[in-house]
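Heads up: the sequence shown is residues 15 to 430, going by our numbering. All residues carry an ideal CB built from backbone N, CA and C; glycine is no exception. The structure presented is a predicted model; accordingly, all values stated were derived computationally and were not measured. Take a look at the structure below.
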Amino acid sequence: MHHPLLNLIKNKKLFTQVFKNFGSPTYAYSKKQLIRNVSAINKALKANFKKFQICYTIKANSNPHIIKTLKSEIPHLGADCSSPGEIYAAGLGGIRPNDCIFTGNYESNEDLDYAYRKNVHINLDDINSFHRLKKIGIPTEISFRLNPGFGKGAFSQVVTGGKNSKFGVPKHKIIDAYKLAKENGVKEFGIQCMTGSGVLDPNYFPKLMEEIIKNIDAIMKSVDIKFNHVSMGGGFGIPYDDNQTPLNFDKVFKGVSDTFHSFFKNKDIPELWIEPGKSVVGNTGVLLASVTGIKKSYKNFVGLDAGMETLMRPALYNAFHRVYKIGDLEAPYSEIVDFTGRICENTDRLAVERPFPSIQEGDLIAIMDAGAYGFSMSHQFCTRPKAAEILIDGEKLQLIRKRETIEDIFSKCEIH
Ligand SMILES: Cc1ncc(COP(=O)(O)O)c(C=O)c1O
């Protein structure tokens with residue numbers, strides 16, 4: 015299937031304007047696509063659940079204007095946060111603390127203290143986290159992250175459930191975790207489970223819910239508690255190439271709902287929470303880069319002003335991102351090239367051995383599906399300032415984060 019922003023990047027005039035106004039590399043997000051994605055998820059949930067909450071995963075893209083744009087479409091939007099910084103970003107985007115879930119892992123006392131003081135929902139990754147939290151205070155409500163013993167993800171590095179995963183409470187300890195919380199005065203409970211990212215198999219999510227329900231059943235039988243919410247995490251994949259099929263959210267949530275509601279038929283029904291990141295922002299972002307140098311070596315290299323410091327995913331996971339020449343999508347492929355940046359690492363590649371049309375220094379390139387884990391994973395290796403971010407709203411171009419400067423990078427240094 016073709017990329018939903020294909021028509022946008024055919025618009026050479028628009029992207030030339032982006033380049034003129036803001037330079038490159040620049041992350042450009044489509045407002046229309048943001049709204050489309052979050053509304054589709056909301057609609058599919060609404061059709062299958064009376065009580066639900068979308069907790070947008072801040073780590074996917076923490077730009078406050080993006081969060082605010084999502085919130086303007088879904089007024090009851092919540093946030094999934096993994097750090098004090100993400101709780102702060104959710105607040106800047108207008109999300110209330112009571113709509114945030116904080117899921118740490120190996121979090122410090124300061125992290126727990128921040129979450130406790132902000133009054134967000136605290137989701138604990140381990141029984142030991144509870145012992146540490148207890149020294150700070152006992153919240154009215156708590157949830158634990160269940161590691162069900164299996165997981166699934168687009169790459170082994172993003173599988174977060176199973177025996178090799180550092181996350182969550184293993185199922186043989188989950189009953190003890192809730193017992194401990196109850197004995198220590200916790201009054202209300204939730205449960206959370208997130209087993210991996212980038213899953214495109216719609217049948218996986220009902221299977222995951224079945225496993226969560228089995229654990230809920232065992233906990234309720236041994237500890238005599240009720241659950242206010244059940245969060246099945248995120249992990250809803252998106253196509254990164256034309257051969258992949260997008261997830262059908264109606265099918266996903268119909269399957270999840272069948273399992274969920276057949277268990278809770280004669281019981282108090284908890285809210286279903288999901289924590290989507292990639293499926294909300296992934297395909298909304300294009301990384302605009304300029305060709306800085308072309309080298310014919312043992313391979314053909316196209317050098318860009320964006321590299322692994324701008325978009326980590328290819329160097330980190332060998333992830334595939336579609337790359338197009340702005341405004342010239344139909345040009346015949348004339349060569350096979352590697353797209354690289356200006357970083358002094360040989361893993362600095364944004365795409366490897368790609369058939370591509372003829373290309374010159376100064377041409378503009380679009381790297382697709384850069385909206386999730388793009389800017390938020392970017393860094394300053396080789397002392398390269400971070401990219402600018404803009405929002406495209408029809409013909410309107412809105413700067414939502416200024417390009418970092420070299421001076422910004424050193425602004426916290428003290429030279430004695
Ligand atoms: C706890 C938690 N929830 C949700 C997500 C969102 O995952 P995705 O972007 O795949 O939807 C993540 C991602 O790492 C996560 O760690």
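Asked: A74: CB within 8 Å of a non-hydrogen atom of ligand 1; Found: yes
Asked: Burial state of E197 (16 or more Cβ within 10 Å); Found: exposed
Asked: Reduced DSSP category for V200 - H, G, I as helix; E, B as strand; rest coil; Found: coil
Asked: Beta-carbon proximity check, S211 vs V172, cutoff 9 Å; Found: yes
Asked: Of the listed residues R356, G355, V337, nearest to Y347 (C-alpha basis); Found: V337
Asked: Buried versus exposed, by CB contacts within 10 Å (16 or more), D231; Found: exposed
Asked: Cutoff 6 Å; reference K265; Cβ partners in own chain excluding five residues on either side; Found: P216
Asked: Close Cβ partners of S38 (< 6 Å) along its chain, the five nearest in sequence each way excluded; Found: L302, A303, S304, D319
Asked: Cβ shell of I226 (< 8 Å), same chain only, five flanking positions each side left out; Found: L160, P162, I205, C207, V244, M246
Asked: Cβ distance (whole Å) where F315 is taken to contact E349 below 8 Å; Found: No, F315 and E349 are not in contact; Cβ-Cβ is about 11 Å, not under 8 Å.
Asked: heavy atom of ligand 1 below 8 Å from E289 C-beta; Found: yes
Asked: Cβ-heavy atom distance, V52 to ligand 1, below 8 Å; Found: no
Asked: Cβ pair D190, I141 closer than 9 Å; Found: yes
Asked: Test item: CB-CB of I340 and L364 under 9 Å; Found: no
Asked: Within 9 Å, strictly: CB atoms of L325 and A384; Found: yes
Asked: Where L405 falls, given that 16 or more other Cβ within 10 Å makes a residue buried; Found: buried
Asked: Residue range of the beta strand (DSSP E) that includes L411; Found: 410-415
Asked: Spatial neighbours of F250 in its chain, beta-carbon cut-off 6 Å, leaving aside the 5 residues before and after; Found: L261, P290, S293
Asked: Reference F29, options A54, D127, K82, Q412, closest by Cα; Found: Q412
Asked: CA nearest to the CA of F116, picked from S157, I88, L91; Found: S157
Asked: For I233, the nearest candidate out of F203, L20, L222 (CA to CA); Found: F203
Asked: Residue range of the unbroken beta strand (DSSP E) whose run includes D407; Found: 402-407
Asked: A380 burial status per 10 Å Cβ neighbour count (16 or more: buried); Found: buried
Asked: M322 to F66 span [Cα, whole Å]; Found: 37 Å
Asked: Supposed contact pair I423 and Q394 - C-beta distance, whole angstroms, cut 8 Å; Found: 6 Å
Asked: Environment of D125 [buried if 16+ CB atoms lie within 10 Å]; Found: buried
Asked: Distance CB(I81)-CB(A104) smaller than 9 Å; Found: yes
Asked: Neighbour-count burial assignment, M15, 16 or more Cβ in a 10 Å radius; Found: exposed
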